[in-house]
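Chemist:
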Amino acid sequence: MSWFRWEQKDLILHLRVQPKASRDAFIGPFGENEYKIAITAPPVDGKANRHLVKFLAKAFAIPASRIELITGKNARSKSIRLKSPQILPIDFED
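Quick note on numbering: our numbering labels position 12 of the sequence shown as 1333, and the sequence is numbered without any gaps.
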């Protein structure tokens, strides 16, 4: 399994999120099945999830409404659906 897959025009990402980081950033592959992302928001009352969605929306040039948290609402490991991303800010080669 890879950390990403395409379903028609949607991109599914399997992420490992590091909250309370010093900066928002794409870090790199984490193990075989996840991609690590650092975000500055704390994991309190959904702040980290909301911040992650905003970060991904800006990076992939899509509205936040086209980002769906599939799994991992209360976990660092998350699956995210990006509906028709406009740009790819990181390398998606398997």
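Beta carbons are placed, not taken as given, at the ideal position from N, Cα and C, and that holds for glycine. This one's a predicted model, so the numbers in the text were calculated from it and none came from an experiment.
Mark ASN1370 as exposed unless 16 or more other C-beta atoms lie within 10 angstroms of its C-beta, in which case mark it buried.
Modeler: Walking along the sequence shown from the start, residue 1370 turns up at place 49. That one is buried.
Chemist: Leaving out five residues on either side along the sequence, give the residues of the same chain with a beta carbon under 7 Å from the beta carbon of PHE1351.
Modeler: To locate residue 1351, count along the sequence shown from 1; it is residue 30. Around PHE1351: ARG1337, LYS1357.
Chemist: List the DSSP bridge partners of HIS1372.
Modeler: The residue labelled residue 1372 in the question sits at position 51 within the sequence shown. Looking at the DSSP assignment, HIS1372 forms no beta bridge with any residue, so it has no partner.
Chemist: Which residue wins for smallest C-alpha separation from ARG1397, given the options GLU1328, PRO1410, GLY1367, ARG1344?
Modeler: Translated into the one-based positions of the sequence shown, residue 1397 becomes position 76. Among GLU1328, PRO1410, GLY1367, ARG1344, the Cα nearest to that of ARG1397 belongs to GLY1367.
Chemist: Using three-state DSSP, classify SER1398 as helix, strand or coil.
Modeler: If you number the sequence shown from 1, residue 1398 lands on position 77. In this structure, SER1398 counts as strand in the three-state DSSP scheme.
Chemist: When you compare only the Cα positions, how much space is there between LYS1399 and HIS1335?
Modeler: Numbered from its first residue, the sequence shown carries residue 1399 at position 78. Numbered from its first residue, the sequence shown carries residue 1335 at position 14. Using only the alpha carbons, I get a separation of about 6 Å.
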